[in-house]
Amino acid sequence: MTKPRPLSLDNIAIPAAGDAELRFRITDYSYAPVSETGAVAYLRAWRQNARPDAHSHPLTIARAKSDALADMAARQLRNELALCSSIDGAWALKPTGSVVGAGAMVLLYDDADILSLDKVAPHALTTACFIKLAPKLARVMESMHVHGLIHRNVNPACFFIGIDTTVDEASHFRVKIGGFGLAATGKEISGDDDTAVPLLCGELAYMSPEHSGRTHRSIDARSDLYSLGVIFYRLLTGHLPFGISGVESDTTEWIHFHIASEAVAPHLLSDAIPEMLSNIVMRLLEKNPERRYQDAAQLHADLEYCKYVLSEEAKDGDAARSDIPTASLAPAPLYGAEHASLLITSAAAQAKNRMHEAVLHYHAGEYTQAGACMAAVAESQQLSELHAEFHFFSALILAAGATAPAQEEQRRHALTQHCEKIFFPSVASTPVLSVQTTILLGEIARLNADTTTALRHYEQAASRAEESQLWHYAGIAHALAAEVCRKQSLPTSLLAHLKSARRAYKKFDAPELAAQLAHRFPEAMASLPRSEDIQPQSETANIRDLESAVRAARALSEEIRLDELMQIIMSVTLEHVGAERGLLIRLDEQVPYIDACARTTTSGITVNLRHTTVTEADMPLVMLDKALNTGHQVYAGDDGVLQTFQPGLNSRAFQTNSQTNGQAQTARFNAICVPMLKQARVVGALYLENRVLPDAFTVEHTQILQLLASQAAISLETARLYAALLAENAQRKAAEKALRASQTSLVQGEQFNHIGSMRYVLEEGLMYCSAELCRIYALEAGKDVITYEEFSALLHPDDRHSVLDTVEAAVAVGGVIRVEHRICRKSGEVRYISGIGKPFYVDGKFTEYVGTATDITSRRHAEDALRVAQADLARVSRATTVGQLTASIAHEINQPLMSIVSNAGASLRWLDRTPMHLENARAGLYDIVAEGQRAGDMIQSLQRLTRNTEPVFERINLNAAIRHILAISRSEIERHGISLVLNLTQENLYVIGDFVQIQQVLLNLVINAIEAMAEIATRARMLSISSAHAGRDGNDKFIKVIIADTGEGIAADAAERVFDAFYTTKKNGMGMGLAICRSIIETHRGRLQAAVRQPFGSTFWFELPLAPAPAPEQ
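Here the sequence shown stands for residues 20 to 1133, where the numbers follow the working numbering.
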């Protein structure tokens, strides 16, 4: 900031006027800002060369904030001057004179020792402080309204508090109101007349819903009370009820906030705020004027009552004393804006002035002069009120100045001492001291060359300062961070910090500090866009709507991404119309779906994207149906009858009835449904509603909504096409990627599994082979296409004719080719191949075959080895089983041998007789032959069981096989005391199979049954074997053999596991017997199963197909 400069009134004609004007004719006056409201700035003026003890007659002046706003400020000042007869100096800042020149105007006031409310209380006040200040503000509003004035621009900069009040007079401090540039007389001022045109030049954050012109309600005293409610909200909570802290909103956003956004009650934000005060504030902030306080007198009475109640509560407790928010008790001013050159009347004032000069020198980069001023302040010993600020700025000046290397350690020690003196644990949570300490920690880190830590401290300090609206400190923190970023060559961060510093200084009402950034950082600041302090906002409602529509159309046309576009559509439509809630509805095959739902919150508009069907809970479906069917805007009236929106008609509140606890309740809210048209075709709709303000929607502000809806429909269609194109491109890229991956996987898969692929083009007679197929066929390198004749030459001579015949037969009918064959490589190696080919059809005709050829040589060798191993295993199993029956077999063989011996002896005796009995001897010899034959058959059968021979499939008498196995095992059955129950069919049943393998199955099952009953002593041991005809799948040509026992049985869950290889329930079992049996039965096209026998034991049965009857002999 530059030093105070004299006012320039060159080329301004000074008319004859009163004393105030005569005093103001002197051109060597200095000034300091007091406040700004609308286009007008209030300044404190005094003679530049006046001595501190001289009568310099300070005064307050009002003039334009900038040259760009001179015309608007002149109109406002003339309006204030015209209202002088209604303004009383007891409660208002009353002009005592004016200076008028070409294109400029200045008003003069005798009130000099004043500060605006936004400077005195920039942060949240304590409840005790608020309850002393709020009734006085309400009393001033009451006096203004009693005199017939409606302010129409109430904001903190309009209230002024006297700074000449001592502590003893704190309860009688003066409060006045000023800034009457937009004020008017009369009980009501219509929001539609011409006087409403410049109203939006005021403070948008404090305007009422009626100021927007959207509600067709007149601006009256209740509008001022709404603005006062916003002030009260900020004084209690420290921030505005709407908008995002630190983020600037434009006119449309502020209008939307005041129309459609509801504030959060202050007592819900902080337990320290009494609910009764919160209720008063929330009543002031009612959107409907009828529900607010109807006059300031009623408000004043309620505040006085709260003051009394809270004072009584304070007496009961030991609450700390809360002082009145005067300049001396509020957070100390941040020198650089409002206290530029106060009249010096005491030593304390001189100290403040010298420290202010030091701060100015610091911001100007004049660190030597700044240090000298700080030394003078220290010598004055007037630091009681300047303790924290003195040490803070002394530390900043010390850190910024140049120091000899020998004195560096001394400087750092001094810095640490300054930091310790302003940081007290008891006030660590105070925003000002917390921010100051954090900035100094950043300076110490910078001097220690720890730039990362320094930047972190600067950014933390800036964030805390912005949250507490300590804009001066925020600007300092960002400027220091920018200096570090410049030295570290961080251009992006440098620009960001400079932009934030400029914004902070402007919010602090110190444009000079913002301008000095351009001198300190000329190159970087040149790249930042220029921004005016205040944009003229005197546009009419129609111009505003047009600009809003243009901005919305530009935003819609610039965005192509579908999700972001839907968010923009909902945001601009809710802001433009002033809706509290909105739905974006799209027709999908004539079914309406909600694509987006938007709501207004205290911090802005939130949009949720979704895709759900529309229900009555979302909106009145009758409105949607009528809008979609007629293609016109539809609104709901008080009578519940839906009507199309026509010029000259205002929307009315829509009534819906709902049942709650059996009683009908009525909910009133504004609702409008606008169809979205594309080429005269309805493609969707926008549904908007406002439950906060009863008359939020008007024709004047919804006429352009149809245009926005049409533009939205076109933009949405374009965005969907773009999204579809992106999706198609993504799918194509994904398909290409998948194809490449598939090709890679195919090649790897073919290599791992030894499977080659091919295409056989019929017309060309060529086979296109993959790399793996070329390897399998052992083709020459680089040759991946062979003719049909070359393929035929690769076939094994023994397989060639059968393979070619199979291929030709399949090609003739367009069938699938399945063939296993051998090929002969040029090296003479023989490989086994399994080939499959399927026809590929084009336009109903197949032109080629695609297929695979698998090298199954290893599998064939493995199968052969498996068969040999299985045969060996079966033989070993049979031998083992036979070995278990050694005693029984010996017994069975011994019987025919003994019979032979006995018959031989008898025959000899018959021959020894005289005469010889030849017939008896002959009969004995016949018996010998029969018994020998019997023994030979038994031995031959045992040989076949144990011999490793190839299976021979023939007709087998299954009943005879069963009897033979029982004959072999009869001795073992009798030895274990087992009763045999044999129930075979009367006729002989034949099956086709290998006799040895069938015997093996029967023998294994019988032996298992005998062993299962070997240890049973508590019940009868019974072996049951039966055979019978059985049916399967409607076919009774099967024979079923059942072998049951009364042994230990098997577990219910082991009925299938007993057939698994190596699973056994025997102590010395191998677990292979039943697995081999099932394999044998399945080889004979039958099945073998097991089950639990009730009440005990187990049952095994197998089924085999009956052999066909033999052909009759010719």
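Just so it is clear, CB atoms sit at the ideal spot from N, CA and C, and this is done for glycine as well.
Pairing T457 with Q479 gives a Cβ-Cβ distance under 7 Å. One alpha carbon belongs to V626, the other to A615, and they sit about 7 Å apart. About 6 Å separates the CB atoms of R1106 and I1100; that is less than 8 Å, so the two are in contact.
When only Cα atoms are considered, N748 and D582 end up about 18 Å apart.
Judged by their CB atoms, M589 and G597 are not nearer to each other than the 7 Å cut-off. When the alpha-carbon of A1036 is set against those of P154, R171, L1008 and H995, the nearest one is in H995.
When the beta-carbon positions are compared, G181 and I133 come within less than 7 Å of each other. Annotated three-state conformation of M393 is helix, per DSSP.
Annotation: the region 752-839 contains the following complete segments of the beta strand (DSSP E) (minimum length 3 residues), in chain order: 774-780, 785-788 and 804-806. In terms of CA proximity to P611, L647 leads the group L647, T621 and A520. Here F412 carries a helix assignment [DSSP, helix/strand/coil].
Taking C-beta separations shorter than 7 Å and ignoring five residues to either side along the sequence, the partners of L417 in its chain run R430, A433 and L434, following chain order.
For S242, the three-state secondary structure derived from DSSP is helix.
Assigned with DSSP and collapsed to three states, N307 falls in coil, not helix or strand.
DSSP places N1002 within a strand segment (E or B) once states are collapsed to three.
Under the three-state reduction of DSSP output, L1107 falls in the strand class. Collapsing the DSSP output to three states places S297 in a helix.
The Cβ neighbour count for L584, taken over all protein chains shown within 10 Å, is at least 16; the residue is labelled buried. Within the same chain, L1024, I1062 and A1109 come within 6 Å of F1119 by CB-CB distance, once the 5 residues on both sides are set aside. A Cβ-Cβ distance of about 6 Å is found for the pair G57 and L201, placing them in contact under the 8 Å criterion. Measuring C-alpha to C-alpha distances from A1049 to each of S104, E1122 and E309 identifies E1122 as the nearest. Residue pairing by DSSP places P858 opposite Y868 in a beta bridge.
Between the region 970-986 and the region 998-1011 there are three or more inter-stretch CB-CB distances shorter than 8 Å, so the stretches are counted as touching. Looking from the CA of A1039, the closest CA among A543, R505 and I1029 belongs to I1029. Between Y477 and the set L459, W490, L466 and L696, the nearest pair of CA atoms involves L459. Cβ contact annotation for V194 (same chain, cutoff 7 Å, sequence separation greater than five): K155, L156, V159, F178 and I180, in chain order. Beta-bridge analysis with DSSP links K1059 to A1047 and E1122. For S998, the CB contacts under 6 Å within the same chain, skipping 5 residues up- and downstream, are M1041 in chain order. For G197, there is no enclosing alpha helix (DSSP H), as DSSP marks it with neither H nor E. For N467, DSSP assigns no beta-bridge partner whatsoever. In this chain, the beta strand (DSSP E) harbouring M124 covers A123 to Y128.
When secondary structure is reduced to three states using DSSP, K697 falls in the strand class. Between R605 and G703, the C-beta gap is smaller than 7 Å, which places the two residues in contact. With a beta-carbon spacing of about 5 Å, D1064 and G1116 fall inside the 8 Å limit used to define contacts. The DSSP-derived three-state label of S846 is coil.
With the rule of 3 Cβ pairs closer than 8 Å, the region 482-498 counts as touching the region 515-535.
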